[in-house]
Amino acid sequence: MELTPAIATAEKLKDALVSEVERAREERLLLRNLDGEALLRRAALRDGFNIACVALQRALQRDLAGAAKRLSLTEVTLPALAAQVPTEAAQLSGVLAQVRLLSSTLAELDALNRSLGERTLSVVRSYLAAVVPKAASYGPQGQQAAAGALSATVSTRA
20 MELTPAIATA EKLKDALVSE VERAREERLL LRNLDGEALL RRAALRDGFN
70 IACVALQRAL QRDLAGAAKR LSLTEVTLPA LAAQVPTEAA QLSGVLAQVR
120 LLSSTLAELD ALNRSLGERT LSVVRSYLAA VVPKAASYGP QGQQAAAGAL
170 SATVSTRA
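According to the working numbering, the sequence shown is numbered sequentially starting from 20.
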């Protein structure tokens, strides 16, 4: 069972991706509801997911390097592994195919969520522009002062 550790690690990576894809699907509802607190918690969970994935990828790399060493392979490829341990290589290949599919799905969901987030931000900015009145003051040359800008004249005459 030369590839058992690598298969187990790939399965963990797949499981992490399954969970993250589900959370990414739920993120759309959070954006639609403008649930700021939940979105911030979601961002923290995503950061944890990213860290966990990096650790799992490194572990998979170590597992595959160990398998290559035990099998006396100079490079680790699925065809090279299949030549030595066909059943395990096929199992690993299947899990890695699922990981690729889930990664692609997550990338698509992220793009959709980013787009929805940008539209949501645009709506919020438009709303704020509508409810915050523009400045009614004018500058020295008669132009309207920028919103939020303060203008003051200081005189030394009493």
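Positions of the beta carbon are idealized from the N, C-alpha and C atoms, including for glycine.
Does DSSP put residue 96 in a helix, in a strand, or in coil?
coil
So residue 21 and residue 89 are supposed to be a Cβ contact under 8 Å. How far apart are they, rounded?
6 Å
Report the residue from 141, 129 and 111 whose alpha carbon sits nearest the alpha carbon of residue 47.
129
Determine the burial state of residue 82: buried for a count of at least 16 other Cβ atoms within 10 Å of its Cβ, exposed for fewer.
buried
When we look at the beta-carbon of residue 79 and count the other beta-carbons within 10 Å, is it buried (16 or more) or exposed?
buried
Excluding the five sequence neighbours on either side, which residues of its own chain have a C-beta within less than 7 Å of the C-beta of residue 62, listed in chain order?
none
Beta-carbon separation (whole angstroms), residue 84 vs residue 73, contact threshold 8 Å:
At roughly 17 Å, the Cβ-Cβ gap does not stay under 8 Å, so residue 84 and residue 73 are not in contact.
Can you grab the Cα-Cα spacing for the pair residue 142 / residue 97, in whole Å?
49 Å
For residue 109, which residues in the same chain have their Cβ closer than 8 Å to its Cβ, ignoring the five residues on either side in sequence?
101
Contact under 8 Å by Cβ, residue 120 with residue 26
no
Reduced DSSP category for residue 162 - H, G, I as helix; E, B as strand; rest coil:
coil
Label residue 43 either buried or exposed according to how many other C-beta atoms from any shown protein chain fall within 10 Å of its C-beta, with 16 as the threshold for buried.
buried
For residue 150, is the classification buried or exposed, using 16 other Cβ atoms within 10 angstroms of its Cβ as the cut-off for buried?
exposed
Quick check: what's the CA-CA separation for residue 64 versus residue 41?
12 Å
What does the alpha-carbon distance come out to for the pair residue 92 and residue 23?
17 Å
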